[in-house]
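Take a look at the structure below.
Numbering (our numbering), first residue to last: 12 to 555.
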């Protein structure tokens with residue numbers, strides 16, 4: 012696409028850097044302009060003239076949907092003015108979202124020094140003794156025959172393709188060629204600014220120099236100073252790490268390599284904009300995104316271990332609706348703001364929102380909660396301020412503090428703990444993909460229903476007598492959210508129950524068999540055929 016145009020009223024004028032970013036969807040048939048993305052400038056120009064504002068045109072996100080920018084007012088003010096225009100269907104601020112990292116409270120970074128960290132990948136085993144929230148993955152693997160190669164898109168900070176326990180499919184791994192949707196140069200932090208076909212994670216560290224840099228136009232603050240997270244490599248490893256290869260850890264893909272991971276980069280330094288995340292969701296599902304080559308390997312499941320506060324806006328809801336209609340499951344982490352309301356996009360209708368559990372099955376302190384959560388899964392938990400983390404979620408990472416260490420065979424562990432609902436969500440996303448491996452015709456609604464039906468009940472006792480029952484998110488007299496730490500889950504606060512991957516896959520297989528195994532006249536067959544057609548068509552569509 013050409014460089015963004017500027018629409019100004021009156022004589023030519025110098026336009027300052029925009030202070031407002033808004034995602035706009037235009038109505039159908041309100042004027043003579045066509046609705047295709049290529050002809051959006053005419054519609055934008057009309058709106059700019061009516062508002063009397065210099066408006067800068069950003070990327071087209073979909074047909075009739077555009078990023079617009081302006082100066083001299085806030086994003087909220089700009090959205091409110093745009094929403095009043097008769098040509099506009101909706102206008103929402105282009106928010107900055109963040110990987111769902113736990114709070115920087117030291118109790119979340121360390122744990123009990125005795126009896127010592129749980130051995131290995133406790134969260135994948137069958138539940139036993141005090142470890143009640145483990146997901147029972149081996150029973151799921153036993154039910155998945157062959158190698159159906161269900162694709163899970165991981166929208167995150169990108170990926171380290173050179174990790175020995177991941178690797179590209181061509182090199183014997185489970186990683187597909189993905190895409191980089193980050194458009195802001197400061198956030199992107201790589202040598203090829205703008206959207207491109209390289210989903211590699213260059214690192215997302217933030218230094219004090221970054222904060223004061225003139226290129227920091229997004230409001231990144233000193234609170235975000237820190238080392239590179241390798242967040243996308245961590246979330247991807249939980250799903251796609253090679254199993255039975257004599258290296259490192261096991262991913263949910265299992266010995267049969269039933270799953271493939273499609274890395275899609277949407278986050279970098281200090282987060283990522285909705286205007287990058289939403290088109291990336293559409294592309295991952297095999298839908299058309301203006302200016303981006305078609306996705307040759309559309310996903311059946313999308314994992315979003317990211318978010319931000321506030322209600323689900325119209326732009327996210329629009330995208331999720333269309334993605335679900337394409338037969339694609341969307342999974343998102345609830346958030347880690349210590350028992351506050353569920354984050355966006357996990358709170359959108361049609362998204363499987365995932366809460367975080369301690370090993371005992373109670374809500375882990377950092378996890379958010381509310382009726383939007385579908386199901387909960389292990390989030391890792393560290394209890395004390397000293398010693399090693401007791402129940403971390405082991406996964407792939409990189410040893411680099413800022414820039415990556417090449418071919419780093421690094422894993423998180425009890426001293427470099429991976430905890431958060433960011434890592435609960437991939438356990439559910441991977442399970443959903445295994446369910447599709449045995450029932451390829453299952454719809455997103457059916458996957459949600461089967462996850463709920465197969466879940467195990469939350470415990471109501473077994474920990475300290477002082478642990479309360481979880482309550483709906485609350486605010487104090489000033490409107491500030493009230494923290495809720497560990498609590499016993501209810502079905503109105505943490506979803507239907509605890510994830511049981513083995514039971515979910517077994518129930519999916521039984522449902523598929525009952526429906527005739529996706530026979531030629533069944534809904535299952537039609538949905539599976541639709542996915543196959545999208546994959547073939549993707550190789551033929553011209554680049555917009």
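For glycine and all other residues, C-beta sits at the position ideal for the given N, C-alpha and C.
Helix, strand or coil: how does DSSP classify residue i here?
i: residue 355; result: strand
i: residue 529; result: Note that residue 529 scores a pLDDT of 47, beneath 50, so its modelled location is shaky; the value from the coordinates is reported in the next line. In this structure, residue 529 counts as coil in the three-state DSSP scheme.
i: residue 43; result: In this prediction, residue 43 scores a pLDDT of 43, lower than 50, which makes its location untrustworthy; the coordinate-derived value is nonetheless stated afterwards. Residue 43: coil per DSSP, three-state reduction.
i: residue 31; result: strand
i: residue 191; result: strand
i: residue 260; result: coil
i: residue 134; result: helix
i: residue 386; result: strand
i: residue 106; result: coil
i: residue 182; result: helix
i: residue 430; result: coil
i: residue 13; result: For residue 13, the pLDDT reaches just 37, beneath the cut-off of 50, and the residue's location in the model is therefore unreliable, although a value from the coordinates is still provided. Here residue 13 sits in coil by DSSP.
i: residue 449; result: helix
i: residue 146; result: coil
i: residue 66; result: strand
i: residue 497; result: coil
i: residue 115; result: Its pLDDT being 43, under 50, residue 115 is placed unreliably by the model, and the measurement read from it follows with that caveat. Coil at residue 115, not helix or strand.
i: residue 220; result: helix
i: residue 95; result: coil
i: residue 534; result: For residue 534, the predicted model reports a pLDDT of 43, less than 50, meaning its position is unreliable and no value from the coordinates is stated.
i: residue 125; result: For residue 125, the predicted structure reports a pLDDT of 43, less than 50, and the residue's modelled location is therefore unreliable. A value from the coordinates is still provided. In the structure shown, residue 125 sits in coil (DSSP, three-state: anything other than H, G, I, E or B).
i: residue 513; result: helix
i: residue 100; result: strand
i: residue 508; result: coil
i: residue 410; result: coil
i: residue 377; result: coil
i: residue 55; result: helix
i: residue 79; result: strand
i: residue 439; result: helix
So the candidates are the options; which of them puts its Cα closest to the Cα of residue i?
i: residue 206; options: 276, 508, 462 and 449; result: 276
i: residue 320; options: 109, 67 and 39; result: 109
i: residue 386; options: 149, 260, 177 and 510; result: 510
i: residue 506; options: 34, 339, 280 and 483; result: 483
i: residue 360; options: 154, 259 and 330; result: 330
i: residue 389; options: 369, 382 and 401; result: 369
i: residue 219; options: 355, 300, 233 and 238; result: 233
i: residue 201; options: 279, 246, 217 and 236; result: 279
i: residue 71; options: 111, 143, 185 and 192; result: 192
i: residue 425; options: 133, 68, 103 and 66; result: 133
i: residue 463; options: 231, 519 and 400; result: 519
i: residue 435; options: 179, 144 and 236; result: 144
i: residue 400; options: 378, 423, 418 and 382; result: 423
i: residue 175; options: 155, 185 and 51; result: 185
i: residue 224; options: 246, 253 and 197; result: 197
i: residue 242; options: 487, 473, 471 and 430; result: 430
i: residue 491; options: 348, 227 and 164; result: 348
i: residue 467; options: 138, 98 and 29; result: 138
i: residue 307; options: 187, 459 and 455; result: 187
i: residue 417; options: 64, 256, 172 and 148; result: 172
i: residue 405; options: 450, 261 and 62; result: 261
Within this structure, are the beta carbons of residue i and residue j separated by less than 8 Å?
i: residue 337; j: residue 298; result: yes
i: residue 444; j: residue 312; result: yes
i: residue 214; j: residue 411; result: yes
i: residue 32; j: residue 86; result: yes
i: residue 480; j: residue 502; result: no
i: residue 310; j: residue 162; result: yes
i: residue 372; j: residue 469; result: yes
i: residue 142; j: residue 326; result: no
i: residue 315; j: residue 341; result: yes
i: residue 250; j: residue 403; result: no
i: residue 107; j: residue 391; result: no
i: residue 263; j: residue 442; result: yes
My guess is that residue i and residue j are in contact by the Cβ rule of under 8 Å, so how many angstroms apart are they, rounded?
i: residue 318; j: residue 350; result: Not confirmed; about 15 Å, so no contact.
i: residue 358; j: residue 364; result: 7 Å
i: residue 58; j: residue 96; result: 5 Å
i: residue 101; j: residue 94; result: 7 Å
i: residue 512; j: residue 146; result: 5 Å
i: residue 514; j: residue 477; result: Their Cβ separation, rounded to whole angstroms, is 32 Å, which puts residue 514 and residue 477 out of contact at 8 Å.
i: residue 413; j: residue 244; result: In fact, because the Cβ distance is near 15 Å, the residues do not count as touching under 8 Å.
Contact criterion: CB-CB distance below 8 Å. Does residue i meet it with respect to chain C?
i: residue 470; result: Chain labels in this structure do not include chain C; a single protein chain is all it has.
Residue ranges of each beta strand (DSSP E) within the segment 301-349, 3 or longer | 312-315 and 340-344
Completely contained alpha helix (DSSP H) runs for the segment 464-494, where each covers 4 or more residues = none
Those runs of the beta strand (DSSP E) which lie wholly inside the segment 226-286 and span at least 3 residues | 270-276
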